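Worksheet: the structure to be examined is printed underneath.
Numbering (my numbering), first residue to last: 12 to 402.
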């Protein structure tokens, strides 16, 4: 197969050389003939590569042939691109059309021999500029669609930052893997932006796909950790915080990770990073849980018993009565935990001067048959009083 590379190189050398001794008309004819020959040689080579891949029993040898072909084409593309910028417009069309043939051949090779293709090789500058323009147009449309769903601008910035960085050239040089990842992520974002979603279902879909496609950039990691932190710290109870963190940990671990993908394939996956962070946070909250519960009980005991409102009945009766009031929306509250703490701190029973938050919360979520009867009779008595007042 190396002789085919020599044939290609010979045609490219002819195309890169000016013809000062012949007329312009003859130059055009010669250039056109070389262009056709280049196209022919590219097709011959790809056909031979296919035939070789079928008969070749050694994966290593196939890899060598594909990567040799890949490196030579990249070298020719870069050389022609330099010549195009150095010479006058007279030969620009020749260089440009030759570059296009070679790029098409390179793309064909990457598509059909992906496992043998060296994805870590640097993307030619002319290819980078071509993809940069294409991505710029498509990402604007995607961003507009996401704004229609009223997604937070911070989230939109996070999921599209790889494209914005690519357009700005922040991590030049880019490799073929970078291009492959960007188009895979871009195509998927286009699909989900066209689907019918509510805002919440779209956010959930995006969250799962950040992990699935392994967008393990610093920007994405920070966004996810900030999201988890904001959500779990809204709960005042440590038990509810732990429950929330464990729910996210389950969701992260159950998300499928696509093989051989990732924004930074050499680094830990986003799934691994988030799973480890959530486990560490769960451990930290669990270690501080008993301290906070003891402080809450101490705070409850600090209120002077004479200042507490004493009620008839047991803690279970009182907790069930408060539950009924909450069910009928007698209270306008945002934080149930804070409300339960308030009742446990400022109320007492005949038998119990200090009601712990833990005890009150347990009784709130437990239905004692005796307490149901007690509160039922109390509500009936209240109804009688209301009817008498009405009469």
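Don't be surprised by glycine CBs; every beta carbon is placed ideally from N, CA and C.
No experiment lies behind these values; they were computed from the predicted model shown.
Looking only at C-alpha atoms, which of 138, 370, 344 sits nearest to residue 356?
Minimum Cα distance to residue 356 is reached at 370.
Name the residue from 116, 184, 249 whose alpha carbon lies nearest to the alpha carbon of residue 300.
Considering only alpha carbons, the answer is 249.
Compute every distance between the C-beta of residue 198 and the non-hydrogen atoms of the ligand GDP, then say whether any falls below 7 Å.
Because no ligand of any kind appears in the structure shown, any question about the ligand GDP cannot be addressed here.
Excluding sequence positions up to five away, which residues of its chain have a Cβ less than 8 Å from the Cβ of residue 312?
Only weak support is given to the placement of residue 312: the predicted model assigns it a pLDDT of 49, under 50, and the question is left unresolved by the model.
Between residue 269 and residue 222, what straight-line distance do the alpha-carbon atoms span, to the nearest angstrom?
Taking the Cα positions, residue 269 is about 9 Å away from residue 222.
For residue 164, does the count of other Cβ atoms within 10 angstroms reach 16, so buried, or fall short, so exposed?
Residue 164 counts as exposed, since fewer than 16 other C-beta atoms from the protein chains shown sit within 10 angstroms of its C-beta.
Alpha carbon of residue 33 to alpha carbon of residue 40, nearest angstrom
The predicted position of residue 33 is uncertain, since its pLDDT is 46 and thus under 50; a value taken from the coordinates is nonetheless stated next. Roughly 11 Å separates the two Cα atoms.
Pull up the DSSP beta-bridge partners for residue 358, would you.
Within the DSSP bridge table, the entry for residue 358 names 320 as partners.
What are the uninterrupted segments assigned as alpha helix (DSSP H) that are 4 or more residues long and contained completely in the region 329-387, given in chain order?
Within the region 329-387, the alpha helix (DSSP H) runs of at least 4 residues that lie entirely inside it are, in chain order, 347-357, 368-375.
Below 8 Å CB to CB, which residues in the same chain sit around residue 136 once its five sequence neighbours on both sides are set aside?
Excluding its 5 nearest sequence neighbours in each direction, residue 136 has C-beta neighbours in its own chain below 8 Å: 89, 92, listed in chain order.
At least 3 beta-carbon pairs within less than 8 Å: the region 147-166 vs the region 199-208
The count of Cβ pairs closer than 8 Å, one atom from the region 147-166 and one from the region 199-208, reaches three, so the stretches are in contact.
Three or more C-beta pairs below 8 Å linking the region 265-280 and the region 210-228
The region 265-280 vs the region 210-228: in contact.
Between the Cα of residue 183 and the Cα atoms of 361, 334, 132, which residue gives the shortest distance?
Of the candidates 361, 334, 132, the one whose C-alpha sits nearest the C-alpha of residue 183 is 132.
Buried/exposed call for residue 189, threshold 16 Cβ in 10 Å:
By the neighbour-count rule (16 or more Cβ atoms within 10 Å), residue 189 is buried.
Span of the alpha helix (DSSP H), counted from its first residue to its last, around residue 256
That run of the alpha helix (DSSP H) goes 249-264.
Could you compute how far the alpha carbon of residue 320 sits from the alpha carbon of residue 381?
Roughly 23 Å separates the two Cα atoms.
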